[in-house]
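In what follows, a single structure is set out as structure tokens and then discussed.
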Amino acid sequence: MSKIVIDATGMACPLPIILLSQRISEMAVGERLTLLADDPAAIFDVPAWCRMTGNSLESNDNSTFEIRRTS
Amino acid sequence: MSAENRFDSDQPLHPKARQILLAAFDAGWADPRRRSRDAALARTLVSGAKESLAAGLGVRTDELCLVGEGSLSSTLALEGALLSRSGTLVTSRIERAEILAIAASRPDSVTIPVDFQGRLNLDALAKELHDGVGVLSLQAANGEVGTVQPLEDAAELATQYGIPVHIDLGVGAGRVQLPAQWSYASADSRTWCGPTGIGVYAIKTGARWRYPWVTSQERREVGTYSIPLALAAAAALESWQEDEKAEAERLFKFVAQIRQAANSVLDVDVVGDPLERVPNIVTFSAMYCDGESLVEEFGREGFSVGSGSACTSDQLQPSHVLAAMGALTHGNVRVSLPHFVLGEEINRFCNIIPVAIANVRRQVQR
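Protein chains in written order, with this note's numbering: chain B, 1 to 71; chain V, 1 to 366.
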């Protein structure tokens with residue numbers, strides 16, 4: 001798990017994605033964060049958000065997403 | 001607020017079908033399987049309706065069957081096909097719930113992935129076809145994102161292994177041609193603004209098929225269905241196809257206009273194939289929006305639209321079609337344009353898109 005953790009457990013989409021986007025915009029390119037999100041849409045929307053914003057989804061395991069800022 | 005524009009998939013009965021429906025309730029009340037004079041009239045009415053439906057869907061009249069529940073047509077066609085032979089079911093990940101339920105009930109079923117446009121991955125399909133496959137079932141076009149499937153290529157691949165193909169016509173009914181190598185087809189009369197309560201399926205001459213439920217005799221149809229509804233379904237298809245012929249080009253351009261308007265808003269994903277699609281369907285997802293609020297925003301402006309977002313579904317699950325495509329599932333708006341929609345309403349709709357998205361984004365950030 002990264003040093004930066006967003007706990008969006010129990011939140012419905014798009015909230016986890018909004019928190020993710022706000023936090024990542026404050027980070028430097030190359031930095032990583034961990035997002036905890038158990039909403040049924042998160043498993044589809046986190047990868048879609050990474051594709052649309054050009055960020056990198058490093059791993060995706062059981063409601064735990066590792067994302068690296070790449071743009 | 002202006003009059004409601006129905007930009008969702010729920011369309012009212014075609015006016016021609018309504019006329020026929022009222023007249024038919026007077027004439028078509030008898031059971032056509034009996035021998036009275038009224039029954040003879042009912043028989044004539046049914047065979048006329050079947051002839052007309054068959055012509056509209058591109059099948060032979062004696063291949064066509066009716067069932068008194070629209071969504072049962074695909075279940076009957078596919079279950080009967082699977083029962084008539086051994087082997088597994090191969091289908092795609094973006095089929096309708098009825099088809100996916102059949103796939104889920106058979107543990108050895110294979111569901112083929114689709115690409116980002118919602119088109120069946122033919123390479124993946126080719127790898128899954130072999131002598132052990134019983135039936136390939138594919139939709140003609142996707143009702144959520146509009147993408148038309150490569151039916152001819154897929155059916156050709158299946159035929160190399162002697163695998164019969166079931167086509168779920170869905171929103172392709174009456175406008176997408178069946179592939180040369182089809183064996184089973186199914187459709188719901190509501191797709192062409194026909195009445196609720198009539199499903200149509202076809203079993204190609206020579207194709208094996210077995211009635212899937214307990215029965216005392218060999219049969220292809222469940223039993224009786226409403227003859228007035230069957231007549232109305234036939235009349236609706238005929239009129240709807242005329243309208244479609246006149247309207248397809250206009251609707252295609254309107255959808256292109258909406259796609260462009262949605263695309264010009266920051267962080268919006270317009271999904272589905274821009275060209276290989278049915279003329280009237282478009283879907284987009286706006287990042288950082290929730291689908292329910294977006295639907296309400298459009299509703300306030302007099303446009304009723306659909307959504308594939310989890311918050312708008314009864315099960316709180318996002319659309320399996322958007323998920324399979326890798327599209328954003330939140331902030332989703334699904335538009336199905338009706339025939340004869342006014343160009344000025346499309347302009348108004350396009351102008352509302354950025355405003356509606358901005359409004360919802362503001363609310364959500366709060």
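Ideal Cβ positions, reconstructed from N, Cα and C, are used throughout, including at glycine.
message = Just to confirm before moving on: does the CB-CB distance between Leu229(V) and Ile198(V) stay below 8 Å?
response = Yes, the pair counts as a contact, with Cβ atoms nearer than the cut-off.
query = Using DSSP with H/G/I as helix, E/B as strand and the rest coil, what is Ala233(V)?
reply = Reduced to three states, the DSSP call for Ala233(V) is helix.
ask   = With a cut-off of 8 Å, does the C-beta of Asp45(B) fall near any C-beta of chain V?
value = With 8 Å as the cut-off, Asp45(B) counts as an interface residue toward chain V.
Partner residues on chain B for Gly326(V), Cβ-Cβ distance less than 8 Å = Gly326(V) reaches chain B at Phe44, Pro47, Ala48, Arg51, counting residues in chain order whose Cβ is nearer than 8 Å.
task = Along the alpha helix (DSSP H) that carries Thr75(V), what are the first and last residues, could you check?
result = Residues 72-83.
query = Is the beta carbon of Asp45(B) less than 8 Å from the beta carbon of Leu328(V)?
reply = Cβ distance < 8 Å, so Asp45(B) and Leu328(V) count as in contact.
message = Taking CB distances under 8 Å as the criterion, tell me whether Val364(V) reaches chain B.
response = Judged by the 8 Å Cβ criterion, Val364(V) is in contact with chain B.
key: Unbroken beta strand (DSSP E) run spanning Asp7(B), endpoints   = Counting along the chain, the beta strand (DSSP E) containing Asp7(B) begins and ends at 4-7.
ask   = Among residues of its own chain, excluding the 5 on either side of Arg361(V), which ones have a beta-carbon nearer than 7 Å to its beta-carbon?
value = Cβ-Cβ distances below 7 Å link Arg361(V) to Tyr288, Cys289 in the same chain, with the five nearest sequence neighbours on each side left out; the list follows chain order.
query = Which term fits His320(V), buried or exposed, when burial requires 16 or more other beta carbons within 10 angstroms of its beta carbon?
reply = Classification of His320(V): buried, given that the 10 Å Cβ count is 16 or more.
query = Can you find at least 3 beta carbon pairs, one from the segment 262-277 of chain V and one from the segment 81-95 of chain V, that sit closer than 8 Å?
reply = No contact exists between the segment 262-277 of chain V and the segment 81-95 of chain V.
ask   = Do the CB positions of Ser189(V) and Asn280(V) come within less than 8 Å of each other?
value = The answer is no: Cβ separation not under 8 Å.
query = Do Cys350(V) and Gln241(V) have their C-beta atoms closer together than 8 Å?
reply = Their beta carbons are not under 8 Å apart, which means Cys350(V) does not touch Gln241(V) by this criterion.
ask   = Val148(V) and Val271(V) look like a contact to me (Cβ under 8 Å); what is the Cβ gap, rounded to whole Å?
value = With a contact defined as Cβ atoms closer than 8 Å, Val148(V) and Val271(V) miss out at about 14 Å.
ask   = If you measure from the beta carbon of Ser6(B) to each beta carbon in chain V, is any gap under 8 Å?
value = It is worth fixing the name first, because residue 6(B) is Ile in this sequence and not Ser. No, Ile6(B) does not count as interfacial toward chain V.
request  = May I have a chain-ordered list of the alpha helix (DSSP H) segments no shorter than 4 residues that lie completely inside the segment 219-270 of chain V?
outcome  = Here the runs fully enclosed are 227-263.
query = Who pairs with Leu36(B) in a beta bridge, going by DSSP?
reply = Partner(s): Asp7(B), Thr64(B).
key: Three-way DSSP call (helix, strand, coil) for Asp314(V) in this model   = For Asp314(V), the secondary structure class from DSSP, reduced to helix, strand or coil, is coil.
ask   = Using a Cβ-Cβ distance under 8 Å, would Gly331(V) count as near chain B?
value = Chain B, which has a Cβ nearer than 8 Å to the Cβ of Gly331(V), makes this yes.
request  = From the DSSP output, read off the bridge partner residues of Tyr201(V).
outcome  = Paired residues: Cys65(V), Ser186(V).
key: Where the segment 115-135 of chain V meets chain B: residues whose CB sits under 7 Å from a CB there   = Cβ contacts with chain B: none found.
message = Which same chain residues end up closer than 7 Å to Asp64(B) when comparing Cβ atoms and leaving out the 5 residues on each side of it in sequence?
response = One point to set straight first is that residue 64(B) is Thr, not Asp, in the sequence displayed. Result list for Thr64(B): Thr34, Leu36, in chain order.
key: At least three beta-carbon pairs within less than 8 Å, the segment 180-187 of chain V to the segment 151-171 of chain V   = In this structure the segment 180-187 of chain V lies against the segment 151-171 of chain V, because at least three pairs of beta carbons, one per stretch, are closer than 8 Å.
Inter-residue Cα distance where the pair is Glu23(B) and Gly326(V) = With the sequence shown as reference, residue 23(B) is identified as Arg, and Glu is not the correct amino acid for it. Rounded to the nearest angstrom, the gap between the Cα atoms of Arg23(B) and Gly326(V) is 23 Å.
task = Would you identify the three-state DSSP class for Arg334(V), choosing helix, strand or coil?
result = Taken through DSSP and simplified to helix, strand or coil, Arg334(V) comes out as strand.
Exposed unless 16 or more other CB atoms sit within 10 angstroms - verdict on Asp26(V) = Flag for Asp26(V) reads exposed.
inquiry  = Quick check on Ala12(B) - is its C-beta less than 8 Å from some C-beta in chain V?
reply    = For Ala12(B), the nearest beta carbon of chain V is closer than 8 Å to its own beta carbon.
task = Run the CB neighbour count on Gln365(V), radius 10 Å, all protein chains shown included, and call it buried at 16 or more, exposed below.
result = The residue in question, Gln365(V), is exposed, as its Cβ has fewer than 16 Cβ neighbours within 10 Å.
ask   = In this structure, does DSSP put Thr91(V) in helix, strand or coil?
value = Strand.
ask   = By how many angstroms is the C-alpha of Thr111(V) removed from the C-alpha of Ser92(V)?
value = Going by the C-alpha atoms only, they are around 5 Å apart.
inquiry  = Quick check: is any heavy atom of the ligand GTP less than 7 Å from the C-beta of Val5(B)?
reply    = The ligand GTP is not part of the structure shown, which contains no ligands of any sort.
ask   = Does DSSP classify Val59(V) as helix, strand or coil?
value = It is coil, neither helix nor strand.
ask   = chain B partners of Pro318(V), CB-CB under 7 Å?
value = Neighbours of Pro318(V) on chain B, chain order: Pro40, Ala41, Phe44.
ask   = What is the residue span of the alpha helix (DSSP H) that Gln117(V) lies within?
value = Per DSSP, Gln117(V) belongs to no alpha helix (DSSP H) and is neither H nor E.
query = Whose C-beta lies closer than 7 Å to the C-beta of Leu76(V) among residues of the same chain, with five residues either side of it excluded?
reply = Cβ within range, chain order: Val67, Tyr201, Pro212.
inquiry  = Is Ile18(B) close to chain V? Criterion is C-beta to C-beta, closer than 8 Å.
reply    = The Cβ of Ile18(B) sits closer than 8 Å to at least one Cβ of chain V.
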